[in-house]
Amino acid sequence: MTVEIKMPQGRFDGHARNKLGTLEPDDLLHRIGPGTPCGEYMRRFWHPIAISSMVADRPVRLRRFGENLVLFRDKSGRLGLLHLNCSHRNASLEFGVIETDGIRCCYHGWKYDIDGTILETPAEPANSRIRERVRQGAYPVVEYKNMIFAYFGPPAEQPPLPVLDTWDWPDDEMVPYMVPSPVNWLQVSENSVDPYHVPFLHARVTGVQFQDNFAHIGVINYHEREAGFFYTTARRVGRMLWIRVHDHLLPNFSQNGGMWTEGDQSVYFARCGLTRWVVPVDDTNCIVIAWRHFNKETDPLGRGDKSQCGYDSVDFYGQTGHRPYELKQSNPGDYEAWGGQGPITVHARENLGHSDQGVASLRRKLKAAIKKFQEGERPLQPSVDGVPVNTYAGDTVLAIPPSNDDRDLCDRVSRRMAEIYRSGDKLTGEARRLHIKAALRELETMRG
Ligand code: FES
Ligand SMILES: [Fe+2]
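Counting in our numbering, the sequence shown runs from 3 upward without gaps.
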């Protein structure tokens, strides 16, 4: 007697593909500790490391770029960022005591100024000179709009703090938040240069997470700019043509369009909903540190919720790991998408296609920038000497009805819109906004 068992039919490659399992991560881009090529390159930029609400009357233990650190605000209001372990015998300064002019180690009372100068060594004899020859590792820190930035590179190469045009625009409130993820920094950065995931992850595959119109792939174009690129996604929404713009500046900085734009009302050069960095914690952890922008132009119905923005919390779906596993499976968000790739994804196991242009471009640009840095060039900064650099992220919605070849129309209008945005580069502030808005209205009357 034979037993009838239905056997599956097909070509099963599991065993053959297992040999790929031994491939290593892309060390050049993934390793960010001290002395690594990418780590040293990234240390030539200012990065946000914390938000102001985290720093009260106790020292805060942090890990950034593979370094253990302590952040504190002394009683005269100055911020300090020191190596975590005391230069005396390595006690952790997270258990230190904050004083008017620095922080005192709990173990034998050594006191440190914010630049790592040892102010007191009370257990040593009065004539001890130990404090003159030892210093605690320290980094400069700057606070701006409730975000705390640090510079981890050599002092002689310290660049100015970047300033962007979106950081000081009228009637806009910038609320900081930060969310950690247990994955390499590049995975999270790549999510924001990957517009093709939006219609699938956020709308088509398991349901609409933000809005119905995201289900359209749209016409996507990439545009080069100094120190990075921006891309446009043009979508048809009835008789309106909605073009969403996203900035990416090297190494880890990006801005999105508005969080609540639906593309069905005319809007001319509305600005971003999000300004964010993906900051390495170590090779297998990172933290998004960002401002959410709250204003009437990008959110006329007031659907954003600033009370949800803070440590490990933000007011839009799928960014943190707190949802139940069942919900993560039934409705996975960005956090599951980048988290599911593992602590450090292996590039050699991927099969990139046309839709991965943004990801491939970011990797190429980073590798080229690291190479130039290794050859002795100073990395190109987003802005120079405190002059705000023009960015493009945000939304434009034009009343341009569909044509017979609507993809071609969307393509032409979005390219023309990018040219118009760029034509404002020689201007700044309100003059630039007025110039761009007027040119967009003209484009609209010409029906593209
Ligand atoms: S270990 Fe810090 S003072 Fe001794
Ligand atoms: Fe996303």
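Think of the CB as a built atom: it goes at the ideal place given N, C-alpha and C, for glycine as much as any other residue.
Status (buried if at least 16 other CB within 10 Å, exposed otherwise) for residue i
{"i": "SER425", "result": "exposed"}
{"i": "ARG273", "result": "buried"}
{"i": "SER78", "result": "exposed"}
{"i": "ASN353", "result": "exposed"}
{"i": "HIS248", "result": "buried"}
{"i": "PHE271", "result": "buried"}
{"i": "ASP170", "result": "exposed"}
{"i": "GLY58", "result": "In the sequence on display, residue 58 carries Ala and not Gly. Looking at its Cβ environment, which holds fewer than 16 other Cβ atoms inside 10 Å, ALA58 is exposed."}
{"i": "ASN193", "result": "buried"}
{"i": "ASP214", "result": "exposed"}
Same chain, Cβ closer than 6 Å to residue i, five either side skipped, listed in chain order
{"i": "GLY275", "result": "ASN258, GLY260, MET261, HIS295 and THR300"}
{"i": "THR263", "result": "ASP397"}
{"i": "ALA339", "result": "LEU203"}
{"i": "HIS349", "result": "ASP28"}
{"i": "ASP117", "result": "ALA140"}
{"i": "ASP196", "result": "GLY360 and VAL361"}
{"i": "ARG60", "result": "none"}
Within 8 Å, strictly: CB atoms of residue i and residue j
{"i": "VAL290", "j": "MET180", "result": "yes"}
{"i": "THR234", "j": "MET419", "result": "yes"}
{"i": "PHE47", "j": "GLN376", "result": "no"}
{"i": "GLY16", "j": "HIS85", "result": "no"}
{"i": "THR393", "j": "THR168", "result": "yes"}
{"i": "LEU166", "j": "SER385", "result": "yes"}
{"i": "HIS218", "j": "ARG238", "result": "yes"}
Own chain, CB closer than 7 Å to residue i, minus 5 neighbours either side, in chain order
{"i": "HIS110", "result": "HIS90 and ALA125"}
{"i": "ASP115", "result": "ASP103, GLY104 and LEU121"}
{"i": "VAL190", "result": "SER183, VAL280, CYS288, VAL290 and TRP340"}
{"i": "CYS88", "result": "LEU95, CYS107, TYR109 and TRP112"}
{"i": "ASP368", "result": "The question names Asp, yet the displayed sequence has Leu at residue 368. So the qualifying residues of the chain are LEU31, LEU252 and PRO253."}
{"i": "ASP307", "result": "ASP317"}
Cutoff 8 Å; reference residue i; Cβ partners in own chain excluding five residues on either side
{"i": "ILE422", "result": "ILE438, ALA441, LEU442 and LEU445"}
{"i": "VAL99", "result": "ILE105, ARG106 and CYS108"}
{"i": "VAL415", "result": "ALA236, LEU243, ILE245, LEU400, ILE402, LEU445 and GLY450"}
{"i": "VAL62", "result": "ALA52, MET56, VAL72, LEU73, PHE74 and GLU96"}
Residue i: CB within 7 Å of a non-hydrogen atom of ligand 2
{"i": "LEU364", "result": "no"}
{"i": "ASN258", "result": "no"}
{"i": "ASP387", "result": "no"}
{"i": "VAL200", "result": "yes"}
{"i": "LEU203", "result": "yes"}
{"i": "ASN287", "result": "no"}
{"i": "ASP397", "result": "no"}
{"i": "ASP427", "result": "no"}
{"i": "ASN215", "result": "no"}
{"i": "ASP358", "result": "no"}
{"i": "ASN333", "result": "no"}
Ligand 1 heavy atom lying under 7 Å from the CB of residue i
{"i": "HIS90", "result": "yes"}
{"i": "GLY82", "result": "no"}
{"i": "GLY118", "result": "no"}
{"i": "TYR270", "result": "no"}
{"i": "ALA140", "result": "no"}
{"i": "CYS107", "result": "yes"}
{"i": "HIS85", "result": "no"}
{"i": "GLY111", "result": "yes"}
{"i": "SER93", "result": "Checking the displayed sequence, the identity of residue 93 turns out to be Ala instead of Ser. Within the cutoff, so yes."}
Cβ of residue i within 8 Å of any chain D Cβ
{"i": "ARG63", "result": "The structure shown contains no chain D; it holds only a single protein chain."}
task = Within the segment 393 to 448, note down every full beta strand (DSSP E) run reaching 3 residues or more, in order along the chain.
result = At a cut-off of 3 residues, the continuous stretches assigned as beta strand (DSSP E) that sit fully inside the segment 393 to 448 are 396 to 400.
ask   = In chain order, which continuous runs of the alpha helix (DSSP H) of length 4 or greater are located wholly inside the segment 18 to 85?
value = 29 to 32 and 39 to 44
Completely contained alpha helix (DSSP H) runs for the segment 187 to 267, where each covers 4 or more residues = For secondary structure counted as the alpha helix (DSSP H) over 4 or more consecutive residues, the segment 187 to 267 holds these complete runs in sequence order: 187 to 193.
task = Quick one: which unbroken beta strand (DSSP E) runs of 3-plus residues sit fully inside the segment 119 to 191? Chain order, please.
result = 120 to 122, 143 to 146, 149 to 153 and 175 to 183
query = Taking only runs of the alpha helix (DSSP H) that begin and end inside the segment 332 to 358, which ones reach a length of at least 4 residues, in chain order?
reply = 336 to 341
Any beta strand (DSSP E) of 3 or more consecutive residues that is wholly inside the segment 277 to 342 = 287 to 296
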